[in-house]
Amino acid sequence: MDGTIAARSQANPVFILPAALNACAEDAGRAVVERLLRLPASGAPGPVVVIDGDGMTDLRESISEHMQGRGTPVPGGAPDLGLPAQHYNVIGEGRAPAAPLFVEIDDTGAAGVPLPQPVAGRLGILIRCRDAKEMLSVAARYAGAAAAYVQAADDDAPLAELLRALLAPGGVRLTVSPLPPAL
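Here the numbering used here runs 1 ahead of the position in the sequence shown, where the first position is 1.
This is the structure we're talking about:
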């Protein structure tokens, strides 16, 4: 998966690190859905990037639960990810087919497929990485973002520092917090 997201794009990623995800996956799911739904219809949220692990099931369930029946239909239908259907799974849908939705992308299964660009229409993207090395690889592709949010618990400090070292030199405004992301 090649290519860096355009400099200062709207794709401001959220990284939820493993210990933080295990500690509060349900709260994180609610927060990323609220973040998605608070955007204007023309908004294009950045992806949520996580490492597959114990909290992943709870995160998926929380996103699905909080997306259920929420949002309003988006004019023009659901946004196009630009990815073949086998590279993603819908994990949360709004009230109508054209309503906001959340899709999960397995980064390892999409080798050779570009990361999705942010699209207007309130499409939430969850990128599941198999390990820290893969997360850092995804993070490098968002080095052109204006900002990034890292949800990290104390045990996540080494990985949070690696993300800081990777993103900060490019001018990415980085927020590291134990709390779930807000808009």
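Every residue, glycine too, gets a C-beta built ideally from N, C-alpha and C.
N-terminal and C-terminal residue of the beta strand (DSSP E) that residue i is part of
i	result
V15	15–17
V173	No beta strand (DSSP E) contains V173, which DSSP labels as neither H nor E.
Rounded separation between residue i and residue j - CA only
i	j	result
G54	G172	30 angstroms
T58	A26	8 angstroms
I126	A29	14 angstroms
D132	S138	10 angstroms
I52	Q69	24 angstroms
L175	G56	23 angstroms
A146	N13	5 angstroms
S178	E66	24 angstroms
Whole-Å CB distance - residue i paired with residue j, under 8 angstroms assumed
i	j	result
C130	V15	13 angstroms between Cβ atoms; not a contact.
V151	L18	7 angstroms
L168	A149	6 angstroms
L40	P46	6 angstroms
Residues that DSSP places opposite residue i in a beta bridge
i	result
C130	I52
Y150	V15, T176
Own chain partners of residue i with C-beta closer than 6 angstroms, once the 5 adjacent residues on each side are dropped
i	result
D156	A20
A154	A20, A21, A24, P179
Extent of the continuous alpha helix (DSSP H) to which residue i belongs
i	result
L167	158–168
D59	57–68
Same chain, Cβ closer than 8 angstroms to residue i, neighbours up to 5 away in sequence not counted
i	result
I64	G30, V33, V34, I92, G93, F103, G125, L127
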